[in-house]
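Here is the structure we will look at, set down as structure tokens.
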Amino acid sequence: MIRSLQSTVDYLRRAFGFAGDDFAVLKGELVRNSGAALLRRKRAKVAGFAILFGLVSSAIELPLPAEDLYRAMRAEVRSRPAPQDVAMIAIDDKTLNAFERAMPSRADDSRLIDTLIASGVERVAFDRAHADPESPKADALFAQTLARHKGKVWLGFSPRHEFGSQAIEEIAPRPAFREQAQLAAMNGIGAPFGFSVALPTSVNLNGTKHPSLSAVLGEYNGPDRRYRPDYAFNPDSIPTYSYIDVLNGNVPSLALDGKRVIIGESFYESADYYLMPMRDGRVPGAYFHIMGAHTLKRGVPVDLMWYPALLVAGLAIMAQVLANSKSSRALVVSAGGLLTVPLVLDEFGVNIDVMSALLAMLAAGIGFRRIARKYYSHDVDAMSTSALSSDQVSAGRDVYALKIASLAEMSEEWTARELGEFVGTLIAYIKGPGEAGDVAFDRDVLVWLAPRMDTASLERHADGLALMLKTAISHDWQSASSAPALGIDTNYELPLGQRIKKAMQAAEEAASRGARFIINDPAYLEARNQRVGLLRVLEKGLRDRNIGVAYQPKVDLLTGRIVGAETLIRWQPDGKEWVNPQELVLAAEAGDRINELTLVVMEAALVDGKKAIALDPDFKLAVNMSAKSLSDTHLMFDIMTMLGRHAFPPGNLTLELTETAKLEDERIAPQIAALNQRGISLSIDDFGTGQSNLEYIEKLPSSELKIDKRFVQNMATSEESRAVVRATIEIAHALGKVVVAEGVEDQAVAATLRAMGCDHAQGYLFARAITMPELLSMMGGGRIVVNG
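Numbers in this note's numbering are just positions in the sequence shown, counted from 1, shifted up by 468.
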């Protein structure tokens, strides 16, 4: 339903010409002083604070614990078994119980190295420094073992570093061991609360660069980096063997062959345990070096830090600043993206920090929400009138108010979202390509400001806008109570706040009187008196049944001869000024006299039409009628009675129906069937405007289709119009309908239509609206008709 309304108003906008640069003269002034500009300024302040807050929180790493925790959560989602090429030899409680001492001796380490190398281990790394002396004999034995397996054994070290005000001294292997073994850094940098750790790939010791344990185990030889090991590698899946079991030969050589191993502590009282989020208990430090080795093996992680996420957050916040909506969709979607994208990037070893960006968007969202509560309607996503009101005057703007009568009743079965979509569609249509600066909604009234127009232009604009809105809304609701009514205030010397109230009052009055619009200006009273006078003239004409009519011939494009005529109102009451037919019809509609007007015009046409039929028995007389009137059984009865009274052949009558109503009233189908049974033809008038869809010609059993003159008159300059006309002719012919082109004014267009296969045409090229004697004269001559 809402999409249908959107389609209708979009087409009506194009058809009625409400597009382009016609209203752009004061657009800059509208934008600068609009309610939207006010809201943007307030949002801009919120945005500036939120972005600054995000920058500061990023710089001081305020959300780092939350960032690490979320990183660990993503790793848990991506959890996978660790590769089996790196193993841990654990100095566990079983080992210490077997030795009955605090740690294995140098002799034990020497035997272990020999066993591991003999089993095919490629690299042996100790997560211990061997810094303290043991005994000359034990130290010599260990040095000999290292020399025997030179190039395959790495001993751990930790350089001197400062942790806050605390200095931690260097821990390194004894000089004799350093001569025979390579060194590997054991240190890492823990984050607050221990939720993450960063490892280096290399560390300088006394001017010499040495790899880290993770770089040794991962066989990394690239540039220096600091990185976070990927916690997705499940530490429970890392191959782990007890020190004592390996020493005693209880671990098969095949289990160790080709592996790289790290020897580290895992006994209960060891200090080398660290927190790993999303894991029960603590994890031995050696496991972090193994996870780091697998991370480096996959590729050095790239840390983009907080810059991309904060950039996205800034763009989302600025988009929200510029949006004329209370919805925070841009922030919500961006936040969802920031929470999702890192999960994908993690798979490629790319890290981005998002928590500062989320904090910035949260701060912005809170501020935007407070603005929305104050300046937006509670019912729909539209500004309230408080956003437009001010104590300032604005001589360059007209104030509009649009009341949708009985909106509450119409929307009883709607959800809040459907009501919002309906109002949002109307707002989007009203704003268009630049007419209105912004639109507010209050209960059942829309209010907006638009560039000032002169009186004549304003009346034409208001009338066309109201008519288009009525057509669009009646597309889905065939009820007079749903008709829109416009109130426009042009008291430029008053403050905007007062003018908004006056425009809303004018809209209320227009709705109560059934008028399409009321302009609240000094000329309003005079205009109202004129309308009242026209209605009186109409009522007198209806009583006297003397509404003047004229006829515009329909010409066969192949033969050039008249085959019918359309009845038009051409009335000069009491010999005075000619009455504008459109204003007369509007007055009849406002006074609920449209059916009476239809019958009076038809009776005059039937009397005249019999004369044309006498000359040409196939002559078709067309009379305009609203499609909504088909549901009026009394009107249909009166038409049938009138045909009988004047002995007019029903087969020579065509009712031209406008496309402004849906044909879903259950009372319409029987009326159409009755008309068809009596041989009365139906014609779809102004096809391509109003409710312009193929469903209409499919549901309405018409014999004729009239192409609206807007398309016909644009054929000479618009390929699109030619395509529409050609397609319409083909569709109508496929459905067995006669095609009539309206508004033909030159021979070139007539020739093009003839080449397309169009059947009939009418327009100034053939004749203007003429009297019946003039029409009979043209028909009696039997000549090919061309005007002038």
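Heads up, the beta-carbon is just placed ideally off N, CA and C, and yes, glycines get one too.
According to the DSSP assignment, Asn-988 belongs to the beta strand (DSSP E) that extends over 985-988. Excluding the 5 residues flanking it on each side, Glu-544 has same chain C-beta neighbours closer than 7 Å at Met-746, in chain order. Lys-1044 counts as exposed, since fewer than 16 other C-beta atoms from the protein chains shown sit within 10 angstroms of its C-beta. Contact between the stretch 521-529 and the stretch 821-832 is present, with at least three C-beta pairs closer than 8 Å. Under DSSP, the beta-bridge partners assigned to His-629 are Ile-636.
Taking C-alpha positions only, Val-800 is separated from Ile-872 by approximately 32 Å. Here Lys-1177 is actually not in contact with Ile-1152; their C-beta atoms are around 14 Å apart, not less than 8 Å.
Counting only residues of its own chain and dropping the five nearest sequence neighbours on each side, Pro-549 has a CB closer than 7 Å to the CB of Asn-702 and Ser-705.
A Cβ-Cβ contact shorter than 8 Å links Ala-1055 with Leu-1002. Put simply, of Ile-585, Phe-625, Arg-642 and Pro-604 the residue whose alpha carbon is nearest the alpha carbon of Lys-618 is Ile-585. Remark: C-beta atoms of Trp-1039 and Gly-1059 do not approach each other more closely than 8 Å.
Look at Phe-1087 here: in three-state DSSP terms it is coil, with no helix or strand label.
Membership of Phe-567 in the alpha helix (DSSP H) is indicated by the continuous run 561-567.
Contact annotation: the stretch 754-768 touches the stretch 677-697, with at least three C-beta pairs closer than 8 Å. Rounded to whole angstroms, Gly-726 and Arg-591 show a C-alpha spacing of 9 Å.
DSSP, read as helix, strand or coil, puts Phe-909 in strand. Within 10 angstroms of the beta-carbon of Val-780 lie 16 or more other beta-carbons, which makes it buried. The shortest C-alpha to C-alpha distance from Met-972 to any of Met-773, Val-915 and Thr-1027 is the one to Val-915. Arg-546 sits away from Glu-737, with the two beta carbons spaced by 8 Å or more. Classified as buried, Phe-1179 has 16 or more neighbouring CB atoms from the shown chains inside 10 Å of its CB. For Lys-1022, the uninterrupted beta strand (DSSP E) run begins and ends at 1017-1024, by DSSP. The residues Ala-606 and Leu-609, in chain order, have a CB closer than 7 Å to that of Ala-575 in the same chain once the five nearest residues on each side in sequence are set aside. Counting the other CB atoms within 10 Å of its CB gives Ala-934 a total of 16 or more, which places it among the buried residues. Assigned with DSSP and collapsed to three states, Asp-957 falls in strand. In the DSSP annotation of this structure, Arg-591 is not part of any alpha helix (DSSP H); the continuous beta strand (DSSP E) holding it starts and ends at 591-594. Comparing C-alpha distances from Lys-1008 to each of Leu-806, Leu-1065 and Pro-604 shows the shortest one belongs to Leu-1065. Only residues of its own chain outside the window of five on either side were considered, and among them Leu-532 and Pro-533 have a CB closer than 7 Å to the CB of Pro-660, listed in chain order. Per DSSP, reduced to three states, the secondary structure at Asp-1153 is strand.
Taking all protein chains in view, the Cβ of Ala-918 is crowded by 16 or more other Cβ atoms within 10 Å, so the residue is classified as buried. Residue pairing by DSSP places Ile-1175 opposite Phe-1155 and Ala-1209 in a beta bridge. Assignment of Gly-1032 by DSSP, reduced to helix, strand and coil, places it in the strand class. Among the bridge pairs identified by DSSP, His-1228 is matched with Asp-1024 and Val-1208. Here Phe-663 is buried: its Cβ has 16 or more other Cβ atoms, across all protein chains shown, within 10 Å. By the 16-neighbour rule on beta-carbons within 10 angstroms, Trp-774 is buried. Annotation for Gly-732: the continuous beta strand (DSSP E) segment containing it runs 728-733. Annotated three-state conformation of Thr-1239 is coil, per DSSP.
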